[in-house]
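Note sheet for the following structure.
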Amino acid sequence: MLKAVGYMTNIQMRTKPRKPNPINFIAVMQLCVMRKQLDKIKIEVTQRIYKEFQVKFDGNNRQFAKAAGCNEKTIRMLFDNHQGMTLNLFFKLAAALDKTPSELLNGLKIDKED
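Residue numbers (our numbering): 1 to 114.
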(Lines of atoms letter the chains of each structure in order from A and count residues from 1; the text may use other names and numbers.)
(Lines give C-alpha, C1' and ligand atoms only; values in the text may rest on other atoms or scores of the structure.)
Protein backbone atom coordinates (compact mmCIF):
# COMPACT_ATOMS: atom_id res chain seq x y z
CA MET A 1 0.00 0.00 0.00
CA LEU A 2 1.33 3.44 -0.94
CA LYS A 3 1.69 6.08 1.69
CA ALA A 4 0.32 9.52 0.90
CA VAL A 5 3.32 11.28 2.44
CA GLY A 6 5.96 12.11 -0.13
CA TYR A 7 4.02 10.50 -2.99
CA MET A 8 4.06 12.32 -6.32
CA THR A 9 2.09 11.41 -9.40
CA ASN A 10 3.83 10.83 -12.70
CA ILE A 11 2.54 14.18 -13.97
CA GLN A 12 3.92 16.04 -10.95
CA MET A 13 7.32 14.44 -11.41
CA ARG A 14 7.49 15.37 -15.10
CA THR A 15 6.35 18.97 -14.84
CA LYS A 16 8.48 21.63 -13.31
CA PRO A 17 7.11 24.95 -12.14
CA ARG A 18 7.59 27.46 -14.91
CA LYS A 19 9.05 30.88 -14.41
CA PRO A 20 7.09 33.69 -16.05
CA ASN A 21 8.58 34.58 -19.40
CA PRO A 22 8.61 38.38 -19.84
CA ILE A 23 8.72 38.03 -23.62
CA ASN A 24 5.49 36.03 -23.64
CA PHE A 25 3.84 38.59 -21.37
CA ILE A 26 4.81 41.43 -23.70
CA ALA A 27 3.53 39.53 -26.73
CA VAL A 28 0.21 38.86 -25.01
CA MET A 29 -0.13 42.52 -24.07
CA GLN A 30 0.59 43.57 -27.66
CA LEU A 31 -2.04 41.15 -28.91
CA CYS A 32 -4.56 42.59 -26.45
CA VAL A 33 -3.83 46.12 -27.67
CA MET A 34 -4.13 44.98 -31.28
CA ARG A 35 -7.42 43.22 -30.51
CA LYS A 36 -8.86 46.44 -29.04
CA GLN A 37 -7.78 48.39 -32.10
CA LEU A 38 -9.29 45.80 -34.43
CA ASP A 39 -12.57 45.93 -32.51
CA LYS A 40 -12.63 49.73 -32.95
CA ILE A 41 -11.88 49.37 -36.66
CA LYS A 42 -14.68 46.82 -37.04
CA ILE A 43 -17.14 49.23 -35.43
CA GLU A 44 -15.91 52.10 -37.61
CA VAL A 45 -16.26 50.08 -40.82
CA THR A 46 -19.77 49.01 -39.85
CA GLN A 47 -20.69 52.65 -39.14
CA ARG A 48 -19.32 53.75 -42.49
CA ILE A 49 -21.33 51.06 -44.27
CA TYR A 50 -24.42 52.05 -42.29
CA LYS A 51 -24.08 55.73 -43.29
CA GLU A 52 -23.74 54.83 -46.97
CA PHE A 53 -26.64 52.38 -46.65
CA GLN A 54 -28.87 55.12 -45.21
CA VAL A 55 -28.11 57.39 -48.16
CA LYS A 56 -28.36 54.83 -50.96
CA PHE A 57 -31.12 52.54 -49.66
CA ASP A 58 -32.96 54.97 -47.39
CA GLY A 59 -32.78 52.49 -44.51
CA ASN A 60 -34.40 49.62 -46.42
CA ASN A 61 -32.65 46.45 -45.19
CA ARG A 62 -34.45 44.24 -47.68
CA GLN A 63 -33.30 46.20 -50.73
CA PHE A 64 -29.75 46.40 -49.41
CA ALA A 65 -29.63 42.67 -48.69
CA LYS A 66 -30.96 41.88 -52.15
CA ALA A 67 -28.39 44.16 -53.81
CA ALA A 68 -25.61 42.57 -51.75
CA GLY A 69 -26.82 39.03 -52.34
CA CYS A 70 -27.26 38.17 -48.69
CA ASN A 71 -30.02 37.61 -46.16
CA GLU A 72 -31.89 40.55 -44.62
CA LYS A 73 -31.23 39.05 -41.19
CA THR A 74 -27.50 39.30 -41.89
CA ILE A 75 -27.84 43.04 -42.49
CA ARG A 76 -29.93 43.50 -39.36
CA MET A 77 -27.50 41.51 -37.21
CA LEU A 78 -24.53 43.41 -38.65
CA PHE A 79 -26.03 46.83 -37.92
CA ASP A 80 -27.07 45.75 -34.43
CA ASN A 81 -23.45 44.66 -33.77
CA HIS A 82 -24.55 41.06 -33.16
CA GLN A 83 -22.58 39.74 -36.12
CA GLY A 84 -19.26 40.51 -37.69
CA MET A 85 -18.63 40.35 -41.40
CA THR A 86 -16.46 38.12 -43.47
CA LEU A 87 -14.23 39.52 -46.17
CA ASN A 88 -16.64 38.05 -48.69
CA LEU A 89 -19.60 39.91 -47.16
CA PHE A 90 -17.57 43.11 -46.89
CA PHE A 91 -16.86 43.06 -50.63
CA LYS A 92 -20.53 42.33 -51.42
CA LEU A 93 -21.72 45.21 -49.23
CA ALA A 94 -19.17 47.58 -50.79
CA ALA A 95 -20.34 46.61 -54.29
CA ALA A 96 -23.99 47.09 -53.32
CA LEU A 97 -23.11 50.59 -52.10
CA ASP A 98 -21.16 51.35 -55.31
CA LYS A 99 -18.03 51.81 -53.22
CA THR A 100 -14.68 50.14 -53.37
CA PRO A 101 -13.51 48.33 -50.24
CA SER A 102 -10.60 50.79 -50.15
CA GLU A 103 -13.01 53.71 -49.88
CA LEU A 104 -14.69 52.13 -46.87
CA LEU A 105 -11.33 51.40 -45.21
CA ASN A 106 -9.69 54.72 -46.04
CA GLY A 107 -7.62 56.08 -43.17
CA LEU A 108 -8.03 53.07 -40.90
CA LYS A 109 -4.88 51.48 -39.51
CA ILE A 110 -3.47 49.68 -36.53
CA ASP A 111 -1.17 51.85 -34.48
CA LYS A 112 2.00 50.16 -33.31
CA GLU A 113 2.00 52.13 -30.09
CA ASP A 114 -1.37 52.57 -28.44
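C-beta: ideal position from N, C-alpha, C; glycine also.
Nothing here was measured: the structure is a model prediction, and the numbers come from that model.
{"query": "Let me know the secondary structure DSSP gives Cys32 once reduced to three states.", "result": "helix"}
{"query": "If you draw a straight line from the alpha carbon of Thr46 to that of Ile26, how long is it in whole angstroms?", "result": "30 Å"}
{"query": "Buried or exposed: which applies to Leu93, given that a residue is buried once 16 or more other Cβ atoms fall within 10 Å of its Cβ?", "result": "buried"}
{"query": "What does a CB cutoff of less than 7 Å around Phe57 pick up in its chain, not counting 5 residues either side in sequence?", "result": "Gln63 and Phe64"}
{"query": "How many angstroms separate the CA atom of Asn24 from the CA atom of Lys40?", "result": "25 Å"}
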